[in-house]
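Asks:
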Amino acid sequence: MSRQLEKQFEDQFAGHLSIGKLTGNLFNTLYASDLRISDSDGVEVALIDSVVMTPRWTSILRKSFSMHELKLLRPRITVLFDSTGQSNLASIFSVADTSTAPSEAGWTFQGAALEIQDAVLQTTSPTYVPKRVASDHVFDFTNSLIENIWLSANIGIGDNTRQLDILQLSGSLQSPRLDISSGASQFVVEDGVFSINEMELQMGRSNLLVSGNSSFAQQPNPIETPFLVEVKPSSIDFDQIRLIFPTLPIHGTANVSALIQGPVSDLTVSWLTLDKNGSHAELAGTIAGFPDSLSADLALTNTYMATRDLKTLLPTEEWVDNLRIDSLFGRSLSARNAHNEWKLDFIPVFKRICRGQFGWGPIVRVGSTEWPLNGLDST
119 MSRQLEKQFE
129 DQFAGHLSIG
139 KLTGNLFNTL
149 YASDLRISDS
159 DGVEVALIDS
169 VVMTPRWTSI
179 LRKSFSMHEL
189 KLLRPRITVL
199 FDSTGQSNLA
209 SIFSVADTST
219 APSEAGWTFQ
229 GAALEIQDAV
239 LQTTSPTYVP
249 KRVASDHVFD
259 FTNSLIENIW
269 LSANIGIGDN
279 TRQLDILQLS
289 GSLQSPRLDI
299 SSGASQFVVE
309 DGVFSINEME
319 LQMGRSNLLV
329 SGNSSFAQQP
339 NPIETPFLVE
349 VKPSSIDFDQ
359 IRLIFPTLPI
369 HGTANVSALI
379 QGPVSDLTVS
389 WLTLDKNGSH
399 AELAGTIAGF
409 PDSLSADLAL
419 TNTYMATRDL
429 KTLLPTEEWV
439 DNLRIDSLFG
449 RSLSARNAHN
459 EWKLDFIPVF
469 KRICRGQFGW
479 GPIVRVGSTE
489 WPLNGLDST
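Going by this note's numbering, the first residue of the sequence shown is number 119, and it counts up by one from there.
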């Protein structure tokens with residue numbers, strides 16, 4: 119039976135499967151050990167210590183089945199990127215040429231209750247360096263190691279629907295060090311729409327709640343693909359996020375919520391709120407023209423920002439460090455960009471002088487008069 123499974127794998131995928139030992143039977147439970155998956159060049163991509171499979175024969179007459187239990191024990195996945203950025207894992211699971219295979223030979227897989235225990239995922243890229251990695255915009259995911267991966271999930275496959283329910287997920291990224299203590303979500307692909315329903319991730323002091331969807335079938339160009347992302351009130355540790363995105367200027371922790379709609383070339387920020395201690399900021403507007411040009415029309419409303427909180431969130435920004443006022447009140451900030459040059463219409467500023475006196479600060483404009491923010495002080 120193991121040889122038959124190995125052959126069926128090679129008929130369907132561009133790789134090789136080797137099963138060290140297989141016991142049990144198809145009508146109850148199968149036990150496999152020492153499973154190895156390699157690419158077409160013989161390079162090992164996956165080594166799985168043990169697999170437990172309990173089939174559920176949904177409809178033998180229609181040749182459909184599902185897995186009542188599919189358990190992978192101690193799998194180790196090694197992904198190798200070539201000089202063009204293509205991975206051997208992707209090449210393996212590209213569909214092999216089955217044009218000569220008899221159509222009546224296939225069975226339909228309808229889903230599984232999946233459990234993965236103590237998995238390891240390692241990526242290696244000897245020569246290829248993505249542009250975003252080279253510019254430090256994102257950590258080097260092509261040379262990384264994730265250990266202690268535990269996953270409990272349900273997989274459902276219908277005629278026009280693919281669904282993955284993640285019941286529990288945890289793991290540890292080793293460099294940079296980032297632990298996911300708990301994760302849960304539902305991913306659905308149906309009629310060309312990819313949806314994320316109620317994704318929750320707990321990473322250290324961060325608790326992120328996200329929902330969204332993307333209509334990828336309507337537009338193959340990623341920049342023009344419609345999408346919607348809602349960040350429900352979440353506590354974010356930006357120091358942890360900066361381990362993944364090193365150039366992110368925000369530090370410390372804050373509570374964030376947002377609703378953003380795309381495509382990327384024509385963004386609409388319905389709302390973006392940030393709360394830090396007693397400070398509160400609300401931003402809304404549009405950003406258009408990416409990547410050829412950038413034009414933004416944004417409004418900052420109902421905003422109170424204590425300078426101490428601003429300096430905690432933006433400690434590396436020189437203009438923030440030079441502020442000599444106690445707090446900023448923003449009722450209506452408009453920002454437009456032409457040829458990558460930002461312009462501020464006005465910012466009402468409330469200034470509390472250090473000696474206990476109070477007064478209204480200047481209005482900052484760009485036009486006939488310009489008042490740089492680092493010129494505001496308590497004298």
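The C-beta atom is built at its ideal place from N, Cα and C for all residues, glycine as well.
Considering Cα atoms alone, identify which of S411, T421, G396, D384 is closest to G403.
Replies: Counted from its first residue, the sequence shown places residue 403 at position 285. Out of S411, T421, G396, D384, D384 has the C-alpha closest to the C-alpha of G403.
Asks: Have a look at V251 and L269 and give me their C-alpha separation to the nearest angstrom.
Replies: Locating residue 251 in the sequence shown gives position 133, counting from the first residue. Locating residue 269 in the sequence shown gives position 151, counting from the first residue. So the two alpha carbons sit approximately 28 Å from each other.
Asks: Do E348 and G322 have their C-beta atoms closer together than 8 Å?
Replies: For the purposes of this step, residue 348 is taken as residue 230 along the sequence shown, with counting starting at 1. For the purposes of this step, residue 322 is taken as residue 204 along the sequence shown, with counting starting at 1. The answer is no: Cβ separation not under 8 Å.
Asks: Pull up the distance between the alpha-carbon of I166 and that of S136, whole angstroms please.
Replies: Mapped onto the sequence shown, residue 166 falls at position 48. Mapped onto the sequence shown, residue 136 falls at position 18. When rounded, the distance between both Cα atoms is 10 Å.
Asks: Residue ranges of each beta strand (DSSP E) run of no fewer than 3 residues wholly in the segment 196-276, ordered along the chain?
Replies: If we require 3 residues or more, the beta strand (DSSP E) runs fully inside the segment 196-276 come out as 226-242, 262-275.
Asks: Name the one or two DSSP bridge partners that P173 has.
Replies: Stepping through the sequence shown from its first residue, residue 173 is reached at position 55. In the DSSP output, where bridge partners are listed per residue, P173 has M185.
Asks: Does DSSP put R483 in a helix, a strand or coil?
Replies: For this step, residue 483 is matched to residue 365 along the sequence shown. Confidence at R483 is low in this model, with a pLDDT of 39, below 50, so the placement of that residue should be treated as unreliable; the coordinate-derived value is given next. Three-state DSSP puts R483 in coil, outside helix and strand.
Asks: Between the Cα of G138 and the Cα atoms of N146, R154, L148, F145, which residue gives the shortest distance?
Replies: Here residue 138 is taken as the residue at index 20 of the sequence shown, counted from 1. The residue with the shortest Cα to Cα distance from G138 is R154.
Asks: Pick helix, strand or coil for F312, following the three-state DSSP scheme.
Replies: Counted from its first residue, the sequence shown places residue 312 at position 194. DSSP places F312 in strand when its eight states are reduced to three.
Asks: Could you spell out the range, first to last residue, of the alpha helix (DSSP H) harbouring I359?
Replies: Locating residue 359 in the sequence shown gives position 241, counting from the first residue. Start and end: 356-362.
Asks: Nearest-angstrom Cα distance between E436 and I368?
Replies: Here residue 436 is taken as the residue at index 318 of the sequence shown, counted from 1. Here residue 368 is taken as the residue at index 250 of the sequence shown, counted from 1. In a straight line, the C-alpha of E436 is about 13 Å away from that of I368.
Asks: Flag this pair as touching only if the segment 391-405 and the segment 277-297 have three or more C-beta atom pairs under 8 Å; answer yes or no.
Replies: Touching, no.
Asks: By DSSP, does S333 sit in helix, in strand, or in coil?
Replies: Walking along the sequence shown from the start, residue 333 turns up at place 215. Three-state DSSP puts S333 in coil, outside helix and strand.
Asks: With distances taken Cα to Cα, identify the nearest neighbour of E265 among T279, V256, P244, Q235.
Replies: Numbered from its first residue, the sequence shown carries residue 265 at position 147. Looking at the Cα atoms, Q235 is the closest of the given residues.
Asks: Thinking C-alpha only, which one of Q281, G301, I284 is nearest S290?
Replies: Counting from 1 along the sequence shown, the entry for residue 290 is found at position 172. S290 has its Cα closest to that of G301, out of Q281, G301, I284.
Asks: Hey, quick one: how far does the beta strand (DSSP E) through L412 stretch, first residue to last?
Replies: The residue labelled residue 412 in the question sits at position 294 within the sequence shown. That residue, L412, is in no beta strand (DSSP E); it is neither H nor E in DSSP.
Asks: Out of Q281, S288, L285, V328, point me to the one whose CA is closest to F305's CA.
Replies: Against the sequence shown, residue 305 aligns to sequence position 187. Taking only the C-alpha atoms, the option nearest F305 is Q281.
Asks: Between F259 and T279, which are expected to be in contact by the criterion C-beta below 8 Å, what is the C-beta distance as a whole number of angstroms?
Replies: As a working note, residue 259 is residue 141 in the sequence shown. As a working note, residue 279 is residue 161 in the sequence shown. At roughly 29 Å, the Cβ-Cβ gap does not stay under 8 Å, so F259 and T279 are not in contact.
Asks: Classify R295 as helix, strand or coil using the three-state DSSP reduction.
Replies: As a working note, residue 295 is residue 177 in the sequence shown. Residue state, collapsed to three classes: coil.
Asks: Anyone know if the C-beta pair for A231 and L198 falls short of 8 Å?
Replies: Stepping through the sequence shown from its first residue, residue 231 is reached at position 113. Stepping through the sequence shown from its first residue, residue 198 is reached at position 80. No; because the gap between Cβ atoms is not below 8 Å, this pair is not in contact.
Asks: Since E435 is in the alpha helix (DSSP H), which residue starts that stretch and which ends it?
Replies: As a first step, residue 435 must be located in the sequence shown, where it is residue number 317. Element bounds for E435: n/a, residue is neither H nor E.
Asks: Tell me which same chain residues have a C-beta within less than 8 Å of the C-beta of T430, skipping the five on either side of it?
Replies: By 1-based counting over the sequence shown, the position of residue 430 is 312. Taken in chain order, the residues that qualify are H369, G370, K394.
Asks: What does the Cβ neighbour count give for D427, buried or exposed, with the cut at 16 atoms within 10 Å?
Replies: Counting from one through the sequence shown, the residue named residue 427 turns up at place 309. Answer is buried; the Cβ neighbour count reaches 16.
Asks: By the three-class DSSP mapping on this structure, what secondary structure does L123 have?
Replies: For this step, residue 123 is matched to residue 5 along the sequence shown. Helix, per DSSP.
Asks: Quick one: residues in its chain with C-beta nearer than 7 Å to the C-beta of L263, no 5 flanking neighbours on either side, listed in chain order?
Replies: The residue you call residue 263 lines up with position 145 of the sequence shown. Correct list, in chain order: Q240, Q292, S293.
Asks: Could you tell me the distance, in whole angstroms, from the CA atom of N420 to the CA atom of D254?
Replies: Counting from one through the sequence shown, the residue named residue 420 turns up at place 302. Counting from one through the sequence shown, the residue named residue 254 turns up at place 136. Approximately 34 Å, taken between the alpha carbons.
Asks: Indicate the three-state DSSP secondary structure (helix, strand or coil) for I341 in the structure shown.
Replies: As a first step, residue 341 must be located in the sequence shown, where it is residue number 223. It is helical.
Asks: Is the distance from the Cβ of L191 to the Cβ of S168 below 8 Å?
Replies: Taking the first residue of the sequence shown as 1, we reach residue 191 at position 73. Taking the first residue of the sequence shown as 1, we reach residue 168 at position 50. Contact flag set, yes.
Asks: For a test of the three-state rule: what should DSSP assign to F131, helix, strand or coil?
Replies: As a working mapping, residue 131 is identified with position 13 in the sequence shown. F131 falls in the strand class under three-state DSSP.
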